[in-house]
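**Q** Here the working numbering is used: position 53 in the sequence shown is 323, and no number is missing along the way.
Even for Gly, the Cβ is constructed at its ideal location relative to N, Cα and C.
Just dropping this structure here.
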Amino acid sequence: MPDRGAGSKDGLVVAYLQARDRRWRALVTARLDDGHPDPAVRVLVPFDVLPEWLGPDSRGCSFVNAFAELPEPEHPARHVIKAEKRWLRDLFRELLAEAGARDPGELAVQLLSLHEGAIVSYSIVGEAHAAASARAAAGILLADHLSPRSSPPESPTVS
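Following this line, the structure appears as structure tokens:
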């Protein structure tokens, strides 16, 4: 079994991802703390910070890139990677619940998927407005989950 201590390659990968995770969470949390009081607007903060987070020379998501390079399911870096994605999904779920969205768990997964797609579109395809487009799509989903469901029309009675 390879050495997985702090000085090993694996240890360095874990340390790098942990540091990146702390910076990402701090950025999102700071923006939430300084941001809009409306819970529905707060749901979209992870999209709002993407351009700042990614920067002009982004090579994509460090967590996804590392995940692709680590086929061993129990690699310690995979635990860090999964924890980061779960944190964002759970943050979306928490913010959606505060906003009063229907089915915050399912919508959180949808928003996470949009968020991840925006990173790929920006970094690989070069879509400069990927974060804004993903935010707009997230806003549409959010509005749908905040509006009351319409009841199906009643069937006419046959006499």
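Ignoring anything shorter than 3 residues, give me the beta strand (DSSP E) runs that lie fully in the segment 277-315, in order along the chain.
**A** Counting only runs of 3 or more, we get nothing.
**Q** To which residues of the same chain is Ala404 closer than 7 Å at the C-beta, ignoring the five residues directly before and after it?
**A** Counting only Cβ-Cβ distances below 7 Å, and skipping sequence neighbours, we find Phe317, Leu384, His385, Gly387, Ala388.
**Q** Does the Cβ-Cβ distance between Arg293 and Val315 come in under 8 Å?
**A** In this structure, Val315 does not lie closer than 8 Å to Arg293 by Cβ.
**Q** With a 10 Å radius around its C-beta and 16 neighbouring C-beta atoms as the bar for buried, classify Ile410 as buried or exposed.
**A** Flag for Ile410 reads exposed.
**Q** Using a threshold of 8 Å, state whether the C-beta atoms of Val298 and Val319 are closer than that.
**A** The answer is yes: Cβ separation under 8 Å.
**Q** Quick check: the segment 337-345 against the segment 371-384, are at least 3 beta-carbon pairs closer than 8 Å?
**A** The segment 371-384, when compared against the segment 337-345, does not touch it at the 8 Å Cβ threshold.
**Q** Restricting to Cα atoms, I'd like to know which of Val313, Leu282, Gly325, Gln288 is closest to His399.
**A** Considering only alpha carbons, the answer is Gly325.
**Q** Tell me whether the beta-carbon of Arg356 lies closer than 8 Å to the beta-carbon of Ala378.
**A** It is not a contact, given that the beta carbons lie outside the stated cut-off.
**Q** Is Pro418 near Glu368, with beta carbons less than 8 Å apart?
**A** No, Cβ-Cβ distance for Pro418 and Glu368 is not below 8 Å.
**Q** Ordered along the chain, which non-local residues of its own chain (more than five positions away) have a Cβ less than 6 Å from that of Pro321?
**A** Excluding positions up to five away in sequence, the list reads Ala401.
**Q** CA-CA distance, Val313 and Ala371?
**A** If you take the alpha carbons of Val313 and Ala371, they lie about 10 Å apart.
**Q** What number of angstroms, rounded off, separates the C-alpha of Lys279 from the C-alpha of Pro374?
**A** Approximately 39 Å between the Cα atoms of the pair.
**Q** Pro418 by DSSP, collapsed to three states: which one?
**A** Reduced to three states, the DSSP call for Pro418 is coil.
**Q** Identify the continuous alpha helix (DSSP H) that holds Val395 and give its terminal residues.
**A** Unbroken run through Val395: none, as it is neither H nor E.
**Q** Going by C-alpha to C-alpha distance, which of Glu376, Gly281, Leu287, Ala407 sits closest to Cys331?
**A** Answer by Cα proximity: Leu287.
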